[in-house]
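Asker: Submitted below is the structure of interest, expressed as structure tokens.
Number of protein chains: 2
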Amino acid sequence: MRQSQLFTKTRKEAPKDEVAKNAQLLIRAGYIHKEMAGVYAYLPLGLRTLNKIVGIIREEMNAIGGQEIFMSSLQRKELWEVTDRWDDAKVDNWFKTNLNATAEADGKRGKELGLGFTHEEPITNMLEQFVSSYKDLPFSVYQFQTKFRNELRAKSGIMRAREFLMKDLYSFSKDDASHEDFYEKAKQAYIKIFERVGLGEQTYVTYASGGSFSEFSHEFQTITDAGEDTIYLCPDCRLAINKEIIEKQSVCVGCGGKELDEHTAVEVGNIFSLGTRFSEALNLMYVDEHNKKKPAVMGSYGIGPGRVMGTIVEVLADEKGLVWPKSIAPFAVHLVSLGNVGETASQLYQSLLDGNVEVLFDDRDASAGVKLADSELLGMPTRVVISPKTLERQSVEVTDRATGETELVPLTGLMARL
Amino acid sequence: MRQSQLFTKTRKEAPKDEVAKNAQLLIRAGYIHKEMAGVYAYLPLGLRTLNKIVGIIREEMNAIGGQEIFMSSLQRKELWEVTDRWDDAKVDNWFKTNLNATAEADGKRGKELGLGFTHEEPITNMLEQFVSSYKDLPFSVYQFQTKFRNELRAKSGIMRAREFLMKDLYSFSKDDASHEDFYEKAKQAYIKIFERVGLGEQTYVTYASGGSFSEFSHEFQTITDAGEDTIYLCPDCRLAINKEIIEKQSVCVGCGGKELDEHTAVEVGNIFSLGTRFSEALNLMYVDEHNKKKPAVMGSYGIGPGRVMGTIVEVLADEKGLVWPKSIAPFAVHLVSLGNVGETASQLYQSLLDGNVEVLFDDRDASAGVKLADSELLGMPTRVVISPKTLERQSVEVTDRATGETELVPLTGLMARL
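Heads up: the protein sequence lines correspond to chains D and C, in order. Under UniProt numbering, the residues of the first sequence are numbered 1 to 418, in order. Under UniProt numbering, the residues of the second sequence are numbered 1 to 418, in order.
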């Protein structure tokens with residue numbers, strides 16, 4: 001894409017009320033726009049990155065057999081009363097609304113609806129019609145959907161928003177063994193996802209409380225000062241334990257090690273065995289091999305692509321701006337023309353497009369200082385500068401955004417280098 | 001995909017409270033689930049079709065230079081008060097909610113928010129930071145986003161939902177000439193979209209009232225008894241006129257023809273010149289070539305992919321079930337194995353996958369009657385039956401879902417035939 005066509009512009013300052021580093025940088029770079037506290041719009045560059053994260057998650061969910069669906073945000077009060085999750089005293093972050101609030105006519109004025117903060121209830125309820133026999137199990141469904149959470153505080157940018165995209169997968173199995181089998185597959189898929197988006201090194205499978213149906217659940221915690229959690233890392237087995245667990249047992253859950261390192265971290269994903277809590281309450285039953293009626297065993301598995309994106313900014317960005325791993329960068333290459341090289345630069349841009357390179361072309365009529373500073377703020381993995389000086393040597397200057405390493409590359413060898 | 005793995009099942013009857021043909025068939029075929037009146041979930045087959053419609057629209061919006069973004073559903077009351085669209089007496093289909101409804105702590109209890117029914121206000125407001133000069137214009141932005149409309153009645157299935165996906169594009173130009181230029185491009189893009197999704201023949205560019213800033217706007221109306229509108233068709237110039245216009249002037253807007261045919265139709269898209277209504281109210285100004293401050297000239301362009309999907313069902317489905325055009329079918333081919341042909345059928349399935357054919361493989365252990373009836377209900381464009389009888393002749397039976405035409409095709413020639 002030609003940058004002169006892009007409607008967004010960089011800015012020197014983030015809004016004064018924005019305290020999170022991720023949102024400050026993303027706003028300055030024109031990736032997102034702050035609509036209000038905890039509510040952000042994704043602009044072209046930001047949406048490209050968000051969609052690449054979504055694409056990676058989708059591939060890994062499909063690889064473990066997940067079937068993609070799309071539920072609704074509007075939720076029936078009745079369903080959530082069954083599991084005792086409607087009352088604001090029990091769940092304090094509901095956004096609620098009213099059906100036909102303004103229509104006096106049909107007697108439905110004031111009927112309360114919720115805006116989904118999660119989807120166990122409607123999904124379990126919906127599946128009742130499709131599950132009757134053990135032969136229908138196991139399977140899993142997932143969606144990418146907007147969740148609404150009426151958070152008291154929203155000071156972490158896109159890492160904790162009041163309206164945000166979430167991938168939530170739900171698994172349904174006939175018994176614990178079958179459930180554990182899928183749960184382990186999902187755990188491996190999550191590990192792959194965080195590796196693929198560039199957070200593998202900083203992200204730890206973390207033991208957390210399991211609720212009534214299993215000893216542990218697992219969080220995926222990424223170490224960053226911007227996190228709101230504390231985890232305890234075992235240097236011996238590379239496992240982590242969250243605060244709740246460590247308060248009960250002060251040793252490593254994996255190896256019993258006693259020397260644990262305390263870190264601040266953000267929960268970028270979690271997987272949880274739900275047991276039969278929802279299937280019993282909402283009647284998701286099947287008939288087993290011996291003609292006995294049983295509730296399905298469930299699990300839930302969440303990742304917020306926006307939170308992942310914000311975390312990547314917190315972990316990888318530097319004082320000059322954003323730094324994207326190639327797998328999720330809006331564009332792989334930022335081609336920057338300096339000085340009077342219009343025609344040659346355009347030809348190079350076209351040849352990169354022809355070679356299927358995802359390239360943002362800064363063809364703007366601006367100073368070298370502005371263009372290079374913007375390029376660092378925008379953070380594409382590879383910058384290619386073309387200028388009269390580089391052309392003297394039939395070359396371009398290729399810079400790695402993460403390391404800052406620069407080399408002159410002959411025009412003829414650029415495609416191979418990229 | 002193997003149908004034995006698909007968690008959805010067909011059903012004989014739609015829910016009793018569902019009166020729309022599109023929703024009845026889509027529910028029976030397991031494409032959608034009714035969450036409540038006017039609110040539907042999309043299941044794997046339905047989501048595949050919805051996403052194909054989205055993909056076609058996205059391609060055509062990109063082709064006219066649209067830049068994709070993603071705004072928020074939660075909306076600030078203040079923005080909508082500026083244009084006098086907050087008051088329920090002015091806009092009666094708002095869903096509204098409250099920030100921190102349950103949080104007593106921060107004094108914000110009860111602060112009202114809206115759930116976007118459209119996005120002119122927040123988009124215009126956001127763009128103020130990016131537009132300053134005539135050099136920044138023209139451009140256009142679009143999104144695929146969930147809209148919430150608190151409709152009094154919701155009896156048309158996914159053709160009129162209370163929560164639904166919408167593609168809304170907004171254009172920004174420096175003057176009327178530049179605006180008209182884009183408006184015409186968008187009109188042509190819309191014509192292409194309806195052709196590509198299979199509604200070209202039944203869909204008419206329809207003259208509608210233009211509001212304060214232009215004589216006409218344009219609706220795209222598809223002729224179907226399931227529609228809620230009446231249009232008047234000119235057989236001479238293939239234009240249509242909506243009821244509002246025809247009440248003012250009873251002749252064809254295009255050629256002055258007086259013999260117009262009355263039809264029931266559904267509005268599947270619309271394009272509208274907004275003039276400077278929103279840019280003046282929300283201060284989207286630019287400085288022109290003569291250093292004069294002027295408001296941007298805007299247009300808005302909407303299509304609801306779910307409504308398009310419902311309309312296609314209304315127009316193309318028959319008494320046996322759904323009938324999808326190939327461009328938007330969940331799968332191009334429905335491979336159905338009858339009788340004891342498991343191994344050969346699996347090999348054929350694999351060879352179709354290897355040939356990049358999108359294929360749903362009915363490998364279920366069910367009767368021929370059930371499998372063939374399900375295949376007609378699901379509506380893939382091409383059905384391939386493999387059975388001991390067809391294999392006697394080293395062939396499969398290929399049936400076109402729309403025409404019912406059937407022929408025996410040798411296994412060796414199937415890929416070429418598809």
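C-beta atoms are modelled at their ideal positions from N, C-alpha and C, and glycine is treated no differently.
1) Answer yes or no: does any C-beta atom of chain C fall closer than 8 angstroms to that of A240 of chain D?
2) Could you tell me if R153 of chain D is buried or exposed, where buried requires 16 or more neighbouring beta carbons within 10 angstroms of its beta carbon?
3) What residues of chain E sit near I69 of chain D, judged by a beta carbon separation below 7 angstroms?
4) Leaving out five residues on either side along the sequence, give the residues of the same chain with a beta carbon under 6 angstroms from the beta carbon of G269 of chain D.
5) Hey, is L415 of chain C's beta-carbon within less than 8 angstroms of any beta-carbon in chain D?
6) Straight-line CA distance for F139 of chain C to Y183 of chain C?
7) Roughly how many whole angstroms lie between the Cα atoms of D106 of chain D and G116 of chain D?
8) Within 8 angstroms, do at least three Cβ pairs link the region 115-132 of chain C to the region 274-287 of chain C?
9) If the cut is a Cβ gap below 7 angstroms, which residues of chain C does T8 of chain D touch?
10) Give the range of the alpha helix (DSSP H) segment to which M380 of chain C is assigned.
11) Just to confirm, are V315 of chain D and T224 of chain D a CB contact at a threshold of 8 angstroms?
12) Along the chain, where does the beta strand (DSSP E) containing R295 of chain C start, and where does it finish?
13) Would you kindly report the start and end of the unbroken beta strand (DSSP E) that includes F164 of chain D?
14) In chain C, what lies closer than 7 angstroms to P235 of chain D by C-beta?
15) Using only CA atoms, which one of C:R76, C:E262, C:R307 lies nearest to G157 of chain C?
16) I'd like to know if the region 398-405 of chain C and the region 339-348 of chain C are in contact, where contact means that at least 3 CB-CB pairs between them fall below 8 angstroms.
17) Quick one: does R196 of chain D have its CB under 8 angstroms from some CB of chain C?
18) Count the other CB atoms within 10 Å of the CB of R393 of chain D; is the residue buried (16 or more) or exposed (fewer)?
19) Would you kindly work out how many angstroms separate the C-alpha atoms of M415 of chain D and G198 of chain D, rounded to a whole number?
20) Which residues in chain C sit within 8 angstroms of R76 of chain D, going by Cβ to Cβ distance?
21) Are the C-beta atoms of E18 of chain D and some chain C residue less than 8 angstroms apart?
22) So D84 of chain D and K90 of chain D are supposed to be a Cβ contact under 8 angstroms. How far apart are they, rounded?
23) Under DSSP, the alpha helix (DSSP H) around G310 of chain D begins and ends at which residues?
24) With burial defined as no fewer than 16 other Cβ atoms inside 10 Å of the residue's Cβ, what is the status of R28 of chain D: buried or exposed?
25) Is any heavy atom of the ligand MN found at a distance shorter than 7 angstroms from the C-beta of D168 of chain D?
26) I'd like the list of long-range same chain contacts for I69 of chain D, defined as Cβ closer than 7 angstroms, with 5 residues on each side in sequence excluded.
27) Return no unless some Cβ of chain C is closer than 8 angstroms to the Cβ of V287 of chain D.
28) Helix, strand or coil: how does DSSP classify E35 of chain C here?
29) Using the C-alpha atoms, what's the distance from M71 of chain D back to Y170 of chain D?
30) Ordered along the chain, which non-local residues of its own chain (more than five positions away) have a Cβ less than 6 angstroms from that of E104 of chain C?
31) Please list, in chain order, the chain D residues whose beta carbon lies closer than 8 angstroms to that of P122 of chain C.
32) Buried or exposed: which applies to D318 of chain D, given that a residue is buried once 16 or more other Cβ atoms fall within 10 Å of its Cβ?
33) Please state if the CB of M159 of chain D and the CB of A240 of chain D are separated by a distance shorter than 8 angstroms.
34) Mapping the DSSP letters down to three states, classify E104 of chain C as helix, strand or coil.
35) Taking R76 of chain C as part of the beta strand (DSSP E), name the residues at either end of that continuous run.
36) Which same chain residues end up closer than 8 angstroms to K96 of chain C when comparing Cβ atoms and leaving out the 5 residues on each side of it in sequence?
Answerer: This is what the structure gives:
1) Numbered from 1 along the first sequence, position 240 holds the residue referred to as residue 240 of chain D. A240 of chain D does not count as touching chain C.
2) On the first sequence, position 153 is the one that residue 153 of chain D refers to. So R153 of chain D counts as exposed.
3) Protein chains in the displayed structure are D and C, and chain E is not among them.
4) For the purposes of this step, residue 269 of chain D is identified with residue 269 of the first sequence, where counting begins at 1. Excluding sequence neighbours, G269 of chain D sits near Y190, F220, I303.
5) Translated into positions along the second sequence, residue 415 of chain C becomes position 415. Correcting the residue identity first, residue 415 of chain C is Met in this sequence and not Leu. It does not: the Cβ of M415 of chain C has no partner Cβ on chain D nearer than 8 angstroms.
6) The residue you call residue 139 of chain C lines up with position 139 of the second sequence. The residue you call residue 183 of chain C lines up with position 183 of the second sequence. Between F139 of chain C and Y183 of chain C, the C-alpha separation is close to 12 angstroms.
7) Reading the first sequence from its first residue, position 106 is the one you call residue 106 of chain D. Reading the first sequence from its first residue, position 116 is the one you call residue 116 of chain D. Any reading at D106 of chain D must be qualified, since the residue scores a pLDDT of 49, below 50, and its modelled position is unreliable; no value is offered.
8) yes
9) By 1-based counting over the first sequence, the position of residue 8 of chain D is 8. Under the 7 angstroms cutoff, chain C gives F130.
10) As a working note, residue 380 of chain C is residue 380 in the second sequence. That residue, M380 of chain C, is in no alpha helix (DSSP H); it is neither H nor E in DSSP.
11) Residue numbering aside, residue 315 of chain D sits at position 315 when the first sequence is read from its first letter. Residue numbering aside, residue 224 of chain D sits at position 224 when the first sequence is read from its first letter. Yes. Within cutoff.
12) One-based indexing of the second sequence puts residue 295 of chain C at position 295. In the sequence on display, residue 295 of chain C carries Pro and not Arg. It spans 293-295 - the beta strand (DSSP E) in which P295 of chain C sits, taken as one unbroken run.
13) Here residue 164 of chain D refers to the residue found at position 164 when the first sequence is read from its first residue. Here the beta strand (DSSP E) through F164 of chain D covers 163-173.
14) Working through the first sequence from its first residue, we reach residue 235 of chain D at position 235. Here the premise fails: no neighbours, minimum Cβ distance about 40 angstroms.
15) Here residue 157 of chain C refers to the residue found at position 157 when the second sequence is read from its first residue. Of the listed residues, the one whose Cα sits closest to G157 of chain C is C:R307.
16) no
17) Locating residue 196 of chain D in the first sequence gives position 196, counting from the first residue. It does not; no Cβ of chain C falls within 8 angstroms.
18) As a working note, residue 393 of chain D is residue 393 in the first sequence. Exposed, because fewer than 16 other Cβ atoms sit within 10 Å of the Cβ of R393 of chain D.
19) Translated into positions along the first sequence, residue 415 of chain D becomes position 415. Translated into positions along the first sequence, residue 198 of chain D becomes position 198. Between M415 of chain D and G198 of chain D, the C-alpha separation is close to 24 angstroms.
20) Start at 1 with the first residue of the first sequence, and residue 76 of chain D comes out as number 76. Ordered by position in chain C, the residues that pass the 8 angstroms Cβ test against R76 of chain D are E35, M36.
21) What you label residue 18 of chain D is simply residue 18 of the first sequence in a count that begins at 1. No, E18 of chain D lies away from the interface with chain C (no Cβ there is under 8 angstroms from its Cβ).
22) Taking the first residue of the first sequence as position 1, residue 84 of chain D is located at position 84. Taking the first residue of the first sequence as position 1, residue 90 of chain D is located at position 90. Right, their Cβ atoms sit about 6 angstroms apart.
23) For this step, residue 310 of chain D is matched to residue 310 along the first sequence. Here the alpha helix (DSSP H) through G310 of chain D covers 305-316.
24) Residue mapping note: residue 28 of chain D aligns to position 28 of the first sequence, counting from 1. Buried: at least 16 other Cβ atoms inside 10 Å.
25) In terms of ligand content, the structure shown is empty, and the ligand MN therefore cannot be addressed.
26) Looking up residue 69 of chain D in the first sequence gives position 69. Closer than 7 angstroms at Cβ, skipping near neighbours: V141, Q143.
27) Stepping through the first sequence from its first residue, residue 287 of chain D is reached at position 287. V287 of chain D does not count as touching chain C.
28) On the second sequence, residue 35 of chain C is found 35 positions in, with the first residue counted as 1. In this structure, E35 of chain C counts as strand in the three-state DSSP scheme.
29) Along the first sequence, read from residue 1 onward, the residue named residue 170 of chain D stands at position 170. Along the first sequence, read from residue 1 onward, the residue named residue 71 of chain D stands at position 71. Spanning the two alpha carbons is a distance of roughly 12 angstroms.
30) As a working note, residue 104 of chain C is residue 104 in the second sequence. Low confidence applies here, because E104 of chain C scores a pLDDT of 46, under 50, leaving its location unreliable; read the following figure in that light. The answer is none, since no qualifying residue turns up.
31) Here the question's residue 122 of chain C lines up with position 122 in the second sequence. Within chain D, the residues near P122 of chain C are E35, A41.
32) Within the first sequence, numbered from 1, the residue matching residue 318 of chain D stands at position 318. Exposed, since its Cβ has fewer than 16 Cβ neighbours within 10 Å.
33) Taking the first sequence and counting its residues from 1, the one referred to as residue 240 of chain D is at position 240. Taking the first sequence and counting its residues from 1, the one referred to as residue 159 of chain D is at position 159. Cβ distance not < 8 angstroms, so A240 of chain D and M159 of chain D don't count as in contact.
34) Along the second sequence, one-based indexing puts residue 104 of chain C at 104. Residue confidence for E104 of chain C is low, a pLDDT of 46 falling below 50, so the modelled location carries little weight and cannot support an answer.
35) Locating residue 76 of chain C in the second sequence gives position 76, where the first residue counts as 1. Residues 74-76.
36) Looking up residue 96 of chain C in the second sequence gives position 96. Result list for K96 of chain C: E112, L113, G114, L115, in chain order.
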